[in-house]
Structure formats: C-alpha cells, structure tokens
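Numbering (our numbering), first residue to last: 1 to 97.
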C-alpha cells in the first residue's frame, strides 16, 4: 500500500458533524474496503471561515481507492497527495483532558 495525505477543507460546521463523518469513514474502511484502504490518523484544523477541516493520513492501493472510499463515506477529498517519505522527529502529542 501507498501512503497519502488527504485535505478536506471546511467540511464540517460542528464537532458532532465531524464525529458522524468519522464513524462513516471508519465503517466503510473497515467493513467494505479493508484490503484497499486504511485510515491512519487525522488532524482537525479550524479553517479561516470558522468551520472544521482535516488533514488525513491514509494508506491505500492507489488514489482511485481513496476517491472511492471518500465517495462511499460521503466525504469530500479536496486534495489527495502521495507521501514520498515520512520523517518522525517526535511522536504525536497526547491531548490532555
């Protein structure tokens, strides 16, 4: 599998909407496309318009599988960029709370 970054800009107005979308995405990936797509992680960002967007890291057999997953899950995929290499300086921080 190859690794991709997916940018979803201003896709959700609320955290609740985002959570529902994440549930759909997870279900589609784990139940319908298990051998073709893997969701690794997402970073939620506050967009300039006040809505929520994401930067998602996925593994997939190809970009077509990423697009199919987004369509099945009812998600936009504004940009899909292949990741050439990963450099980890530190592990992702753990949110306290």
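The C-beta atom is built at its ideal place from N, Cα and C for all residues, glycine as well.
Check residue i in the structure and name its three-state DSSP category.
i: residue 83; result: coil
i: residue 17; result: helix
i: residue 28; result: helix
i: residue 60; result: strand
i: residue 11; result: strand
So the alpha helix (DSSP H) residue i belongs to, where does it begin and stop?
i: residue 71; result: 63-73
Please return the same chain residues whose Cβ sits closer than 7 Å to the Cβ of residue i, not counting the five positions on each side in sequence.
i: residue 61; result: 1 and 36
i: residue 18; result: 12, 44 and 52
Using C-beta distances below 8 Å, list every residue in its chain close to residue i, excluding the 5 sequence neighbours before and after it, in chain order.
i: residue 42; result: 22, 54, 55, 56 and 57
Looking at the secondary structure, which residues open and close the beta strand (DSSP E) in which residue i lies?
i: residue 95; result: Note, residue 95: premise wrong, no beta strand (DSSP E); not H, not E.
Only counting the same chain, and skipping five residues up and downstream in sequence, which positions put a Cβ closer than 6 Å to that of residue i?
i: residue 70; result: 77
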